[in-house]
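> This structure is in structure tokens; I'll ask about it shortly.
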Amino acid sequence: MTTTESLTSSGMQDTVAAMRILAAWARTGRSDLGAHLTTHGPAPMPSRTDGAWADHLVESIRAAGLTGRGGAGFPTARKLDAIRAGRGHPLLAVNAMEGEPASRKDRALLATAPHLLIDGAILVGRAIGTHEIALCVANDRHDSAEHVRAALAERAGAGLGDPPVRLLRPPGRYVSGEESALVAWLAGGPARPQFRPSKGAPLTIRRRPVLVQSAETLAHVALIARHGPQWFRSAGLPDASGTSLVTVSGAVDRPGVYEVELGTPVGTILRRAGLEPPLGAVLVGGYGGAWLHTDVLDTPYAPGPLAAVGSAVGAGVLAAIPASACGIAETARIATYMADQSAGQCGPCVLGLPAIARDLAHLARGQGDRRSVTGLRHHLDAVDGRGACRHPDGVVRMVRSALEVFASDVAEHSRHRPCLGWNRRPILPAPQSPVARRR
Amino acid sequence: MSIAAVRHRLRVNPVACDGFGYCAELLLEIIDRDDWGYPIVGTDEIPLHLLELARRAVRDCPRGALFIERFPPARRM
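Protein chains in written order, with our numbering: chain V, 1 to 439; chain W, 1001 to 1077.
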């Protein structure tokens, strides 16, 4: 039932029947147009776009139960409904920014299945009635940009017409992949999240509505358009259908990007990636996600079951730390990184996140006590929900989960007894660039 | 719709807000300040007797960060 494949440099594994986005790569080891067409067949593009075709595509997406794979998990069909019901000529922004340090899935997608992504983008563009598609790849991801350029050039060269997709390169900071930050940049300003007084209001650029879709979501659309909603639902759970790309890293033998059926137990995914016991804990969803305790390692990887244990699918990240690592030290480093990555717009975030990071660093070194933990909790409460975007909220969630999952370590550290692992080489990447500190 | 049926609450635009605190001074009953001086604006309805003061706070905010919104939101045409 489990359908995972590894993209590590150790080479391809045997093809598994339910490999979907990664199917062409798994079977041929190639990502060019030929391999794409041989594996998936041509995309069902209408000869001319009409309302009935667009309706049919949106209904297929709805029936398939596709939800956004960028982190929010919002039903894709409903997002399309909202844009189609609005006024003005829309713009489609493809989010392949991947600011999450522990995620590699967008890079993997662009390296192995760029044509699925481009198909999906063109299909959705037609469904919402636009020929303006901005494919956003961070300005420090040169390989990904090259893959996109090569794929676009192939399509133009193959007589498929000039694809209406423009490659754009916003700055590669953590928050520039946030939906409203991306739109702000596309509008000509800095890539900083915008305050949205009412969550329902669409993002706009000079009155034009903008639909932002994560790259992986569009790749799934390209497959649903070919194979239909029932096929899509043949993997996954009834209320969490299909497959998803997950980046597995940390204490595993074969780190990499896997395509998994939603609902696969987290432990199963880790074991396929070669989990090296004993496991300490797993950070699920990304740096704004939540730690998962080994006791609940067999939680199905799907929104509902993960929410029930205080976690979330998020950016598709499973970062495992061994039992020998110090969860508090890892959390402290992540919190410092996240504080550095604040867009610098909102007081509680700008001032509160560094306070949280300092509290954690203190605790990690064994310099804190029970009052410091109370102080930390006070800072967490003060920051939660008080920014324009969800960046501080994610940090708060991640740190609260750390206090729970690593509760016994917290207790020991508060008695000036830090664990032996606190000053070891860190497991999770938290680039500490001096440039990142500039506002 | 009678006056009593329209409810209002205070909202702050956290990007615009610079923590001056004029609002907290005027509306000390319903706005607190956090450790760093930024206003903590709850989601509760503005009591009727403070509504005029609230409007003044909105006008006086140096950054124009405070605003009053009706809830439930007015139906859009």
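Each residue gets a CB set at the ideal place from its N, CA and C atoms; glycine is no exception.
Give a yes or no on whether the minimum CB-CB distance between residue 386(V) and chain W is below 8 Å.
One-based indexing of the first sequence puts residue 386(V) at position 386. So, interface residue.
> Are the segment 266-281 of chain V and the segment 322-339 of chain V touching by the rule of at least three beta carbon pairs closer than 8 Å?
Short answer: they touch.
> Nearest to residue 442(V) by alpha carbon, out of 266(V), 205(V), 273(V), 271(V)?
Since the first residue shown for chain V is 1 and the last is 439, residue 442(V) is missing from the structure and cannot be characterised.
> Could you name the residues of the segment 351-367 of chain V whose beta carbon sits closer than 9 Å to any beta carbon of chain W, in the order they occur along the chain?
Listed in sequence order: 351, 352, 355.
> For residue 477(V), does the three-state DSSP call read helix, strand or coil?
This structure leaves residue 477(V) out entirely; chain V is present only between 1 and 439.
> Going along the segment 1022-1049 of chain W in order, which residues come within less than 8 Å of chain V, judged by CB to CB distance?
Answer set for the segment 1022-1049 of chain W: 1034, 1035, 1036, 1037, 1038, 1040.
> By the 10 Å Cβ neighbour count, where 16 or more other Cβ atoms means buried, how is residue 124(V) classified, buried or exposed?
As a working note, residue 124(V) is residue 124 in the first sequence. It counts as buried.
> For residue 43(V), return the contacting residues in chain W, with the cut-off set at a CB-CB distance below 7 Å.
Translated into the one-based positions of the first sequence, residue 43(V) becomes position 43. Within chain W, no residue comes near residue 43(V); the closest Cβ sits about 37 Å away, beyond 7 Å.
> From which residue to which residue does the alpha helix (DSSP H) around residue 56(V) run?
Taking the first residue of the first sequence as position 1, residue 56(V) is located at position 56. Where residue 56(V) is concerned, the enclosing alpha helix (DSSP H) stretches over 51-64.
> Tell me the DSSP bridge mates of residue 136(V)?
Working through the first sequence from its first residue, we reach residue 136(V) at position 136. Paired residue(s): 95(V), 168(V).
> Determine the DSSP secondary structure at residue 128(V), reduced to helix, strand or coil.
By 1-based counting over the first sequence, the position of residue 128(V) is 128. Note: residue 128(V) maps to helix in three-state DSSP.
> Are the C-beta of residue 195(V) and some C-beta of chain W separated by less than 8 Å?
Residue numbering aside, residue 195(V) sits at position 195 when the first sequence is read from its first letter. Cβ-Cβ to chain W under 8 Å: yes for residue 195(V).
> Check whether the segment 369-388 of chain V and the segment 1056-1076 of chain W are in contact - that is, three or more C-beta pairs closer than 8 Å.
Verdict: no, contact absent.
> For residue 241(V), which beta-bridge partners are listed by DSSP?
In the first sequence, residue 241(V) corresponds to position 241, counting from 1. Partner(s): 236(V).
> CB residue 261(V) to CB residue 245(V), shorter than 8 Å?
Stepping through the first sequence from its first residue, residue 261(V) is reached at position 261. Stepping through the first sequence from its first residue, residue 245(V) is reached at position 245. No, the Cβ-Cβ distance between residue 261(V) and residue 245(V) is not below 8 Å.
> Is the Cβ of residue 382(V) closer than 8 Å to any Cβ of chain W?
The residue labelled residue 382(V) in the question sits at position 382 within the first sequence. For residue 382(V), the answer is yes, since a Cβ of chain W falls inside 8 Å of its Cβ.
> For residue 185(V), report the span of its alpha helix (DSSP H) as first-last.
Residue numbering aside, residue 185(V) sits at position 185 when the first sequence is read from its first letter. Counting along the chain, the alpha helix (DSSP H) containing residue 185(V) begins and ends at 179-186.
> Are the C-beta atoms of residue 347(V) and some chain W residue less than 8 Å apart?
Here residue 347(V) refers to the residue found at position 347 of the first sequence. Yes, contact with chain W.
> Is there at least one Cβ from chain V nearer than 8 Å to residue 1015(W)'s Cβ?
Translated into the one-based positions of the second sequence, residue 1015(W) becomes position 15. Yes, residue 1015(W) lies at the interface with chain V (some Cβ there is under 8 Å from its Cβ).
> For residue 200(V), which of 130(V), 156(V), 78(V), 306(V) has the nearest alpha-carbon?
Reading the first sequence from its first residue, position 200 is the one you call residue 200(V). Closest by alpha carbon: 78(V).
> Is residue 240(V) closer than 8 Å to residue 263(V) when the C-beta atoms are compared?
Locating residue 263(V) in the first sequence gives position 263, counting from the first residue. Locating residue 240(V) in the first sequence gives position 240, counting from the first residue. For residue 263(V) and residue 240(V), yes; Cβs fall inside 8 Å.
> In the DSSP assignment, the alpha helix (DSSP H) including residue 372(V) goes from what residue to what residue?
Position 372 of the first sequence, counted from the start, is the residue given in the question as residue 372(V). Counting along the chain, the alpha helix (DSSP H) containing residue 372(V) begins and ends at 370-383.
> Going by beta-carbon coordinates alone, are residue 202(V) and residue 209(V) separated by less than 8 Å?
Along the first sequence, one-based indexing puts residue 202(V) at 202. Along the first sequence, one-based indexing puts residue 209(V) at 209. Yes, the Cβ-Cβ distance between residue 202(V) and residue 209(V) is below 8 Å.
> Out of curiosity, what's the CA-to-CA distance linking residue 424(V) and residue 330(V)?
Looking up residue 424(V) in the first sequence gives position 424. Looking up residue 330(V) in the first sequence gives position 330. Each residue's alpha carbon lies about 10 Å from the other.
> Could you check how far apart the C-beta atoms of residue 247(V) and residue 102(V) are, in whole angstroms? I think they sit under 8 Å.
On the first sequence, position 247 is the one that residue 247(V) refers to. On the first sequence, position 102 is the one that residue 102(V) refers to. Correct: roughly 6 Å between the Cβ atoms.
> Is DSSP giving residue 1043(W) helix, strand or coil here?
The residue labelled residue 1043(W) in the question sits at position 43 within the second sequence. In the structure shown, residue 1043(W) sits in coil (DSSP, three-state: anything other than H, G, I, E or B).
> With a threshold of 8 Å, are at least 3 pairs of Cβ atoms found where one atom belongs to the segment 288-299 of chain V and the other to the segment 210-227 of chain V?
Contact between the segment 288-299 of chain V and the segment 210-227 of chain V is absent, because fewer than three Cβ pairs lie under 8 Å.
> Going along the chain, which residues of its own chain have a beta-carbon closer than 6 Å to the beta-carbon of residue 133(V), five neighbours each way excluded?
Stepping through the first sequence from its first residue, residue 133(V) is reached at position 133. Hits under 6 Å: 92, 121, 125, 164, 165.
> Could you check what DSSP says for residue 102(V) in three-state terms: helix, strand or coil?
Counting from one through the first sequence, the residue named residue 102(V) turns up at place 102. Residue 102(V) falls in the coil class under three-state DSSP.
> Over the uninterrupted alpha helix (DSSP H) stretch that includes residue 89(V), give me the two end residues.
Sequence index remark: in the first sequence, residue 89(V) carries index 89 (1-based). Taken as a continuous stretch (DSSP letters only), residue 89(V) belongs to no alpha helix (DSSP H), as it is neither H nor E.
> Can a CB atom of chain V be found closer than 8 Å to the CB of residue 1064(W)?
The residue given as residue 1064(W) occupies position 64 in the second sequence. For residue 1064(W), the answer is no, since every Cβ of chain V falls outside 8 Å of its Cβ.
> Kindly indicate which three-state DSSP category residue 317(V) falls into: helix, strand or coil?
Within the first sequence, numbered from 1, the residue matching residue 317(V) stands at position 317. Residue 317(V) falls in the strand class under three-state DSSP.
> Quick check: the Cα distance between residue 1044(W) and residue 153(V), rounded to an integer number of angstroms?
In the second sequence, counting from the first residue as 1, residue 1044(W) sits at position 44. In the first sequence, counting from the first residue as 1, residue 153(V) sits at position 153. Cα to Cα, residue 1044(W) sits roughly 56 Å from residue 153(V).
> Would you call residue 403(V) buried or exposed, if buried means 16 or more other Cβ atoms sit within 10 Å of its Cβ?
Residue numbering aside, residue 403(V) sits at position 403 when the first sequence is read from its first letter. So residue 403(V) counts as buried.
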